[in-house]
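Student: Handing you this structure, nothing more for now.
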Amino acid sequence: MKKAYFLFVCIFSFHRLCGQNSKLPGVVLDSIGKPAATTRVLMSGHSETTRTDTALKPSARLLKEVTVYDDHSRTRMSEESLNIKTVNQAFIQRNLGGSLMKTLERLPGISTIGIGSGQSKPLIRGLGFNRVVVLDKGVKHEGQQWGADHGLEIDQFAAGEVELIKGAASFIYGSDAIGGVIDVKPSSMPRKNSFGGSVNLIAKSNNNHYGTSVNLFGRYENWFFDSRVTHQDYADYRVPADTVFIYDYAVGLYRNMLRNTAGKETGLHFHTGYIGNRLRSTFFISNIFSRSGFFANAHGLEPRNVDVKLHDRSSRDVLMPSQDVNHFKIINQTRLDLSGNRLELELGYQRNFRQEFSHYVPHGYMPSIYPPEIPVPLNLEREFDKAVYSLNLRNNLLFASHSITAGFNAEYQDNTIGGWSFLVPSFKQTTVGGFIYDKLKINEHLLLHAAVRYDYGNTRMFQYADWFKSETTKGNVVVSENLIRASNLNRNFNSLVWSAGLNYNQDRFTLKANIGKSFRMPIAKELAANGVNYHYFSYERGDPNLSPEQSYQADLSVGWNTEKWTALISPFYNYFPNYIYLNPSATYDYYYGAGNQVFQYAQSRVMRYGAEVQFKYKIHKTLYSEIFGEYLYARQLSGDKKGYTLPFSPPASALLNLTWSPAGIAIFKDTYVSADYRLTGKQNNIVPPEKKTPGYQMVNIQAGMKLKLYSQPVILSFQVQNLLNRRYLNHTSFYRIIQLPEAGRNMILSVKIPFNQK
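Shown next, in the form of structure tokens:
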């Protein structure tokens, strides 16, 4: 009886349970496996499985504004104690200048030594030449960067991303990174099973510039290719003046154009490789050729003897004086990912071949008529041929709270010379270095850094004798002989450098601090120069006993970020116990330079400090303003120029920007209108033979948009540089010493047409 009663109760209870409404735990998914909205499932009947079709009512919700950041660049900035700024292709397209370095000049702390309208070289916080390392696809770019008139052979259209490190970074990149690093990275890898490309068109009004850059890429599964062809052609550029003064000699300008500053440039790029889950290997091949002229009225020992009629016939031809430069590179980047371990290898070969052409002008004991038996062409003033072999190896280890990078770098240079004029001898240089860099994560907010590096370098320079005979006095006897301009020299250098820093990130507050020691080997020009620099009307002489340059630096960066505004200040301090500089002496040369002043390389103690400031305020969701500011002070603490500053020290400046970015309408997307107002202070803190430079104000405007024409996107960018056609002098310009004003008003139109096919 009890068993029958128990069975009846169980059946009744189960019937009641199946017939009631119950909340069941679990997750409801849609047809593609995504979580559905909050749902209540009602069970009915006795079936173990119940299938129910449910119709949900749509509900519109207005979410708060979401800002999507580039996680890679933000992570890099938050994890490095150095002052880092990253710009992408969109920034380059929007601020396109005559060269990549000119494009980057808009950033605080970055300036350039302009060489005409198509070439320039970078300055970071007032340091340039061989004190700034330029990396191209992981390998140090090596040209003849010691020359103020030598630009960088880099195609800005081929740059996918550019990372700028302001401040010493020798502990990773070795000698020459004493002032900073500009890391030019390739474009991102194509997506799987994709094919596409882009066409860039550019035109400039000031120098009648036209150019195009065509890109084509594709990828099938793990294999890909990416190619690009760039060609640019430009005429003599214009300045807002009809007369300029070359050392107090008045030079009239035909149609405001600087004679013989035209040029052309062609770049060929191809890279291909394999992308796997753990292994990635890419080969990069590039060749860049440029031909450009120097301002004809400011070159050589007799700049007044210029055939004005010949130069004024055409503004597009390149006559003498001029230079041809060809830079070839082949680079391999390989990366292997293991568990908690990443191996990275970069191998590079590059050849920089530079020829400088000028009319033969005899001086000193040079023969009045160029001898026909000399194997050097009559118009070949100088020739430099440099071959460079590079190797970089890094091992990144992750364990516990440490991220350790151990690395090794090696480089070999072979530089030969030619031409009828001499300045720097042939040389061979070998450098090797190794480092260990540790990042210690204390907690979610604090990251500590420590690094140590050892470098060794050897430089061998080879004897050079004049190809003509000069008369000299030995005792009381006058003899005629080929003078030795450079002797054989073999120097070894080594240095131990270190760095320590921290990153602190707490909600809206960021703090970076870094201290360290850096070094730089003297270059061949500083050790053994012995000739006329026609561009500066000077005679330069090296010192074979120079010691390696040392630098102690401290960097600080403090930032605050809210929804409305962002502020960042970055002060820095440098101390050089033995800074290398070119010192004007009281002697003059009469053998080679017709009485030019002799400049002798020397060393002195130097102190530098300054800061960059950035402030951004969001006035409205479509309107914001920015303020950039920079200040630098330098002083020599010893030597003949004690109390003076350093050459090419940029003056204080500020950039005020207002940008309007309205919402997209119909076919118009990513529209912007922007205006820059730059204030540059006067530079009275100079070192001879520099001249004081007055301050100036300038207005630039930019505008752009993305159109969609029949499903085809077209990206338009428009700029007007020097809107008011202001006449001004740039203190860091190559032509500043002859009082040459900068380019006048320049309208730039850039069109980019991307295309993709899966």
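FYI, in full-length UniProt numbering the residues of the sequence shown are 1 to 758. Ideal Cβ placement from N, Cα and C applies to all residues, glycine included.
Using the three-state DSSP reduction, which class does M1 fall into: helix, strand or coil?
Tutor: Any reading at M1 needs caution, since the residue's pLDDT is 48, under 50, leaving its predicted position unreliable; the model's value is listed next. Coil, per DSSP.
Student: In the DSSP assignment, the alpha helix (DSSP H) including K525 goes from what residue to what residue?
Tutor: K525 -> alpha helix (DSSP H) spans 524 to 528.
Student: Whole angstroms is fine: what's the gap from F755's alpha carbon to P548's?
Tutor: Taking the straight line from one Cα to the other gives about 51 Å.
Student: Would you report the Cα separation of E481 and W467, rounded to the nearest angstrom?
Tutor: For E481 and W467, the distance between alpha carbons rounds to 10 Å.
Student: State the beta-bridge partners of W560 as determined by DSSP.
Tutor: According to DSSP, which records beta bridges pairwise, W560 is partnered with F509, A567.
Student: Based on Cα-Cα distance, which residue from G704, S638, M698 lies nearest to G664?
Tutor: Measuring from the Cα of G664, the nearest candidate turns out to be G704.
Student: Where does T472 land, buried or exposed, given buried means 16+ other C-beta within 10 angstroms?
Tutor: Classification of T472: exposed, given that the 10 Å Cβ count is below 16.
Student: Could you give the distance in angstroms between the alpha-carbon of A203 and the alpha-carbon of A400?
Tutor: One C-alpha to the other measures close to 54 Å.
Student: Measure the Cβ-Cβ separation of L164 and V139 and say whether it is below 9 Å.
Tutor: Not a contact, by the Cβ cut-off of 9 Å.
Student: By the 10 Å Cβ neighbour count, where 16 or more other Cβ atoms means buried, how is K682 classified, buried or exposed?
Tutor: Label assigned to K682: exposed.
Student: Starting from T103, trace the alpha helix (DSSP H) in both directions and tell me its first and last residue.
Tutor: Element bounds for T103: 100 to 104.
Student: Can you tell me whether DSSP reads F572 as helix, strand or coil?
Tutor: Looking at F572 - three-state DSSP - the assignment turns out to be strand.
Student: By Cβ distance, which residues of its chain are closer than 6 Å to P544, with the 5 residues on each side in sequence left out?
Tutor: Hits under 6 Å: L489, L527.
Student: With C-beta atoms as the reference, is Y579 less than 9 Å away from S604?
Tutor: Going by C-beta atoms, Y579 is nearer than 9 Å to S604.
Student: Which residues does DSSP list as the beta-bridge partners of H269?
Tutor: H269 is bridged to R228, S286.
Student: For L679, which residues in the same chain have their Cβ closer than 6 Å to its Cβ, ignoring the five residues on either side in sequence?
Tutor: Only A654, Q697 meet the Cβ criterion.
Student: Does the CB of F422 have a neighbour CB from chain C at under 9 Å?
Tutor: Here chain C cannot be found, since the structure has a single protein chain.
Student: Return the chain-ordered list of same chain residues with a C-beta closer than 6 Å to the C-beta of G97, the five sequence neighbours on each side being excluded.
Tutor: Excluding residues within five positions, the ones whose Cβ falls inside 6 Å are T103.
Student: Helix, strand or coil: which one does DSSP assign to N297?
Tutor: In the structure shown, N297 sits in a helix (DSSP, three-state: H, G or I).
Student: Is it buried or exposed for A177, if we count other Cβ within 10 angstroms and need 16 for buried?
Tutor: So A177 ends up on the buried side.
Student: At which residue ranges does the region 447 to 527 contain complete beta strand (DSSP E) runs of 3 or more residues, listed in the order of the chain?
Tutor: Listed in chain order, the complete beta strand (DSSP E) runs (minimum 3 residues) inside the region 447 to 527 are 470 to 474, 477 to 481, 484 to 486, 489 to 506, 509 to 520.
Student: Assuming I737 is part of the alpha helix (DSSP H), what are its boundary residues?
Tutor: No alpha helix (DSSP H) contains I737, which DSSP labels as neither H nor E.
Student: Considering only residues of the same chain and omitting the five flanking positions on each side of G531, which have a CB-CB separation below 6 Å?
Tutor: Around G531: F422, L423.
Student: With burial defined as no fewer than 16 other Cβ atoms inside 10 Å of the residue's Cβ, what is the status of F628: buried or exposed?
Tutor: Flag for F628 reads buried.
Student: Is H311 helix, strand or coil by DSSP?
Tutor: Here H311 sits in helix by DSSP.
Student: State the start and end residues of the unbroken beta strand (DSSP E) segment that holds Y631.
Tutor: Element bounds for Y631: 623 to 636.
Student: Just to confirm, is the Cβ distance from E79 to K439 under 9 Å?
Tutor: Yes, they are a contact pair.
Student: Spatial neighbours of R228 within its chain, please: CB distance less than 6 Å, with the 5 preceding and 5 following residues excluded, ordered by chain position.
Tutor: A158, N215, H269, listed in sequence order.
Student: Pick out whichever of N130, S170, K166 has its Cα sitting closest to the Cα of G151.
Tutor: Checking every option, the nearest Cα to that of G151 belongs to N130.
Student: Any idea if P122 is buried or exposed, counting beta-carbon neighbours within 10 angstroms, 16 or more meaning buried?
Tutor: Under this definition P122 is a buried residue.
Student: Distance, Cα to Cα, Y672 vs L658?
Tutor: Y672 and L658: Cα-Cα distance of roughly 10 Å.
Student: Compute the Euclidean distance between the alpha carbons of F519 and L258, then round it to the nearest angstrom.
Tutor: Distance between the alpha carbons of F519 and L258 is about 40 Å.
Student: Are the region 234 to 245 and the region 215 to 224 touching by the rule of at least three beta carbon pairs closer than 8 Å?
Tutor: These segments do not touch.
Student: So within the region 76 to 101, which uninterrupted beta strand (DSSP E) runs reach at least 3 residues, ignoring any that extend past its ends?
Tutor: Listed in chain order, the complete beta strand (DSSP E) runs (minimum 3 residues) inside the region 76 to 101 are 83 to 88.
Student: Going along the chain, which residues of its own chain have a beta-carbon closer than 6 Å to the beta-carbon of V558, five neighbours each way excluded?
Tutor: Cβ within range, chain order: L511, I569.
Student: Could you name the residues of the same chain whose beta carbon sits closer than 6 Å to that of A296, not counting the 5 residues immediately before and after it, in chain order?
Tutor: Answer for A296: R259, N260, V306, H311, listed in chain order.
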